[in-house]
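Residue numbering for the sequence shown follows the working numbering, starting at 26 and increasing by one per position.
Cβ coordinates follow ideal geometry from the N, Cα and C atoms, glycine included.
Written below as structure tokens is the structure these notes are about.
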Amino acid sequence: KAEGNKHYAAGEYQEAAAVYSKAVRQLPDPEEDDVPPALASQAAVILCNRSATYMHLKKAVAALADAQLAADFDAANWKAHWRTGLALMMMEPRLERSEQAVAAFKRTQDCTTLPESER
């Protein structure tokens, strides 16, 4: 994660995506019942980071998939819902996508982990 963050901060999005992808390949299936909460939380962060990277690379579908998977790992991660909405808004406009984006942004607002400064 740290190496990916370094590339991301430097604007090296292809490199960041490659590093985050290495980490993602090590993640468990979010459907498993025995994923420790700390691991699920870390998985959500890595996926959110790769989602943000994909957004910079204009890969909305990949960004959406990662954001949704991050929410599967940790529904309390507000950035997962926020990035879901952003990825949907990057796509070709359709009423259904707009409605889904609004729902994602609503879930963001409902997250108890959302800092007051972000409300």
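Kindly give me the distance between the Cβ atoms of residue i and residue j, rounded to whole angstroms, as I take these residues to be in contact under 8 Å.
{"i": "residue 103", "j": "residue 138", "result": "5 Å"}
{"i": "residue 76", "j": "residue 88", "result": "5 Å"}
When you compare only the Cα positions, how much space is there between residue i and residue j?
{"i": "residue 134", "j": "residue 144", "result": "7 Å"}
{"i": "residue 54", "j": "residue 108", "result": "20 Å"}
{"i": "residue 43", "j": "residue 83", "result": "15 Å"}
{"i": "residue 37", "j": "residue 31", "result": "9 Å"}
{"i": "residue 71", "j": "residue 113", "result": "19 Å"}
{"i": "residue 51", "j": "residue 63", "result": "15 Å"}
{"i": "residue 132", "j": "residue 40", "result": "31 Å"}
{"i": "residue 81", "j": "residue 118", "result": "19 Å"}
{"i": "residue 121", "j": "residue 110", "result": "12 Å"}
Any idea if residue i is buried or exposed, counting beta-carbon neighbours within 10 angstroms, 16 or more meaning buried?
{"i": "residue 92", "result": "buried"}
{"i": "residue 34", "result": "exposed"}
{"i": "residue 29", "result": "buried"}
{"i": "residue 94", "result": "buried"}
Give the secondary structure of residue i by DSSP, where H, G and I count as helix, E and B as strand, and everything else as coil.
{"i": "residue 113", "result": "helix"}
{"i": "residue 137", "result": "coil"}
{"i": "residue 118", "result": "coil"}
{"i": "residue 49", "result": "helix"}
{"i": "residue 144", "result": "coil"}
Can residue i and residue j be called in contact, C-beta distance under 7 Å?
{"i": "residue 98", "j": "residue 128", "result": "no"}
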